[in-house]
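Trainee:
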Amino acid sequence: MRDHPSSRDQAQFTGCRFHPERPAVARCNKYEYHYCQDCIEACDACTDPGLYCQHRTQCFIWEVCRGEIKRRRREAACAGPPPGKSEPPTDSPAHSGPESSH
Ligand SMILES: [Zn+2]
Numbered sequence: 000m001r002d003h004p005s006s007r008d009q010a011q012f013t014g015c016r017f018h019p020e021r022p023a024v025a026r027c028n029k030y031e032y033h034y035c036q037d038c039i040e041a042c043d044a045c046t047d048p049g050l051y052c053q054h055r056t057q058c059f060i061w062e063v064c065r066g067e068i069k070r071r072r073r074e075a076a077c078a079g080p081p082p083g084k085s086e087p088p089t090d091s092p093a094h095s096g097p098e099s100s101h
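Count the sequence shown with numbering that gives the first Met the number 0 and you get residues 0 to 101, in order.
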């Protein structure tokens, strides 16, 4: 006998998307994901920060994180492509000198 079975007509309370054991403090209206305080503060809560979101004007997550998200986007734009290894191709003929037969 815990509580009335029909008392909750809303969706079941969901924990954080990444930390189900933590209580969620915000929800992404677009994807209906819930996020805990840590995820909000770490700005891990916005699923598609680069995409248009019609809920953004009233999104708590975006309100908190838009500064950080914009900064990350700016850095990403400045950084260009991710730095790859500058190893020469291995199939290039490195030793093409006059190697006499011994
Ligand atoms: Zn979390």
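From the three backbone atoms N, C-alpha and C, an ideal C-beta is built for every residue, glycine too.
1. If I'm right that His-33 touches Cys-15 with Cβ under 8 Å, what's the distance once you round it to whole angstroms?
2. May I ask you to check if the CB of Tyr-30 is nearer than 7 Å to at least one heavy atom of ligand 1?
3. What does the alpha-carbon distance come out to for the pair Arg-7 and Thr-13?
4. Within the segment 12–87, note down every full beta strand (DSSP E) run reaching 3 residues or more, in order along the chain.
5. Hey, which residues come within less than 7 Å of ligand 1, measuring from Cβ to any heavy atom, in chain order?
6. Looking only at its own chain, which residues have a Cβ that is under 7 Å from the Cβ of Tyr-30, when we skip the five neighbours before and after it?
7. From Glu-20 to Asp-37, what does the alpha carbon distance come to, in whole angstroms?
8. For Cys-35 versus Pro-22, is the C-beta distance shorter than 8 Å?
Mentor: Per the coordinate set shown:
1. 6 Å
2. no
3. The predicted model places Arg-7 with a pLDDT of 44, which falls under 50 and marks its position as unreliable; any figure quoted below should be read in that light. Their backbone Cα atoms lie some 13 Å apart in a straight line.
4. 25–27, 32–34
5. Cys-15, Arg-16, Phe-17, His-18, Arg-21, Tyr-34, Cys-35, Asp-37, Cys-38
6. Thr-46
7. 12 Å
8. yes
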